[in-house]
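Basically our numbering = 1-based index in the sequence shown + 548. Report on one structure; see the data block that follows.
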Amino acid sequence: EMPEDLADLPVAQQQRKLMIRSCWMMGFGTLMVLVFSDPMVDILSEWGNRMSISPFYISFILAPFASNASELLSAYTYAKKKSQKSMTTALSTLIGAACMNNTFCLFVFLALVYFKNLAWQFTAETLAIVLIQWVIGGLVCVKKVQTSVTACLILACYPGCLFVVWFFENVVGWD
549 EMPEDLADLP VAQQQRKLMI RSCWMMGFGT LMVLVFSDPM VDILSEWGNR MSISPFYISF
609 ILAPFASNAS ELLSAYTYAK KKSQKSMTTA LSTLIGAACM NNTFCLFVFL ALVYFKNLAW
669 QFTAETLAIV LIQWVIGGLV CVKKVQTSVT ACLILACYPG CLFVVWFFEN VVGWD
């Protein structure tokens with residue numbers, strides 16, 4: 549879809565203005581991340597300390613809502629149409645964003661551990677995230693159309709991942 553303010557322009561000029569607007573928005577978004585990410589980490593850590601809960605659990609619950617707000621809004625917009633196609637698109641948007649975020653963050657995390665020679669203390673968290681990502685992939689790969697049942701199962705994976713981390717740390721004894 550073409551923004552209304554650019555719809556009447558020639559195609560070449562539309563493309564140029566779209567590129568400029570895209571670069572500006574991405575640059576502004578990057579600046580926002582740079583400005584707010586460190587204070588956000590401090591806040592989440594402090595909440596965990598004050599509630600005597602591991603900052604991992606606080607971050608796991610709250611950070612995705614902040615970092616994926618655009619995907620949530622996009623999925624909500626699709627879901628409001630209440631058609632089978634729009635609901636499938638909404639779910640696919642969220643699933644794709646979650647898988648891409650998990651994969652990218654895991655890559656960055658593993659690269660930091662490797663290149664900075666950090667001590668490995670994240671077996672439970674890493675394996676839980678990979679396991680749940682495989683479960684979600686299995687749920688969505690077997691169907692062309694995503695249903696409310698699929699959405700509920702995927703939603704259950706969110707607290708399920710926390711339980712798996714707790715189980716790995718407290719029952720299995722992994723770090």
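Every residue gets a Cβ at the ideal spot worked out from N, C-alpha and C, and that includes glycine. Here the structure is a predicted model, which is why all the values come from computation and not from measurement.
The closest CA to that of residue 720, considering only 688, 691, 671 and 709, is found on 671.
Excluding residues up to 5 positions away in sequence, nothing lies with its Cβ nearer than 8 Å to the Cβ of residue 579 in the same chain. Nearest neighbour of residue 723 by Cα position, chosen from 604, 644 and 553, turns out to be 604. Only buried fits residue 635, as 16 or more other CB atoms lie within 10 angstroms of its CB. Ranked by how close their Cα comes to the Cα of residue 678, the residues 662, 666 and 708 have 708 in first place. Annotation: residue 702 to residue 570 spans about 32 Å, alpha carbon to alpha carbon.
Classified as buried, residue 698 has 16 or more neighbouring CB atoms from the shown chains inside 10 Å of its CB. In this chain, the alpha helix (DSSP H) harbouring residue 708 covers 696–715. When DSSP assignments are scanned along the stretch 553–584, no uninterrupted stretch of alpha helix (DSSP H) that is 4 or more residues long falls wholly within it. Distance from the CA of residue 681 to the CA of residue 713, rounded to the nearest whole angstrom, comes to 13 Å. For the set 655, 645, 654 and 695, the Cα lying nearest the Cα of residue 620 is the one of 645. In terms of CA proximity to residue 685, 647 leads the group 659, 661, 647 and 666.
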